[in-house]
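Since the structure comes first, as structure tokens, the remarks are kept for the end.
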Amino acid sequence: MRRTPSWYDFFSLVAHLSASASCIAYVGMTVNTKPTPLLVYTPKTLRQMIAQLRTRARIALDTESNSLYSYQGRVCLIQISA
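Everything in the sequence shown is counted per our numbering, starting at 18 for the first residue and increasing by one.
In structure tokens, the structure reads:
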């Protein structure tokens, strides 16, 4: 039975290869060619984003908050990556 590699496996491999130039080729460092992010600030752009996300198997969320002046904090930004 084959297991899925873990983050530990990945970092162990990078540490092992870091002394050689093949590390760059193996890890696949490339120039970012992704499209410009979609800024969601209207109902129309929200619908566009939802339509794009429905085609993806996985998404990731990252939130930024400001709790400097309040006890409960306040979400200032939500980033979604697919």
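We put the CB at the ideal spot given by N, CA and C, even for glycine.
Q) Can you pull the DSSP bridge partners for glutamine 96? A) Looking up residue 96 in the sequence shown gives position 79. The bridge partners DSSP lists for glutamine 96 are Asp79.
(Q) Just to confirm before moving on: does the CB-CB distance between leucine 70 and isoleucine 95 stay below 8 angstroms? (A) For the purposes of this step, residue 70 is identified with residue 53 of the sequence shown, where counting begins at 1. For the purposes of this step, residue 95 is identified with residue 78 of the sequence shown, where counting begins at 1. No Cβ-Cβ contact shorter than 8 angstroms links leucine 70 with isoleucine 95.
Q) Going by the beta-carbon positions, is the gap between isoleucine 76 and alanine 99 smaller than 8 angstroms? A) As a working mapping, residue 76 is identified with position 59 in the sequence shown. As a working mapping, residue 99 is identified with position 82 in the sequence shown. Yes. Within cutoff.
Q | Through-space distance from leucine 55 to cysteine 40, alpha-carbon basis | A | As a working note, residue 40 is residue 23 in the sequence shown. As a working note, residue 55 is residue 38 in the sequence shown. Only weak support exists for where cysteine 40 lies, its pLDDT of 44 falling under 50; the value from the coordinates is given anyway. If I take the Cα positions, the gap works out to 33 angstroms.
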